[in-house]
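The sequence shown lines up with residues 5 to 79 when you count with our numbering.
The C-beta atom is built at its ideal place from N, Cα and C for all residues, glycine as well.
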Amino acid sequence: IDLLNHMLNADHVHHADETIEAVIDINVPVVRPNTPLETLMPMLSHHHAVIIAAEDYVQGILTKIDILDFLASQM
5 IDLLNHMLNA DHVHHADETI EAVIDINVPV VRPNTPLETL MPMLSHHHAV IIAAEDYVQG
65 ILTKIDILDF LASQM
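Now the structure itself:
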């Protein structure tokens, strides 16, 4: 999301050699697949995403939209 906001910013001039290093957030929470939803909610209020990993293997990336989709499907 940070990269998308950066790219869409009308005040920003893009250069061919520009990298995403200055835009990305490397301080993203990492949790195990069995982490309770109630534990994830506060994390997503401070971060755009949470990495789901087990045994040093990324199994997925969970976003606020994923939580909303899940909750809507439970209604």
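Original post:
What is the DSSP secondary structure of T43, reduced to helix, strand or coil?
Top reply: helix
Original post:
In or out: I65 buried (at least 16 other Cβ within 10 Å) or exposed?
Top reply: Exposed is the call here.
**OP:** Could you check which residue in V34, H19 and S49 has the C-alpha nearest to that of L72?
**Re:** S49
Original post:
Is the distance from the Cβ of I56 to the Cβ of V35 below 8 Å?
Top reply: Their beta carbons are under 8 Å apart, which means I56 touches V35 by this criterion.
Original post:
Of the residues A53, A26 and M79, which one's Cα is nearest the Cα of D70?
Top reply: A53
**OP:** May I have the straight-line CA-CA distance separating P46 from P37, to the nearest angstrom?
**Re:** 16 Å
Original post:
Residues bridged to L72 by DSSP?
Top reply: Paired residues: none, contrary to the question.
Original post:
So what does T67 bridge to, in DSSP terms?
Top reply: A53
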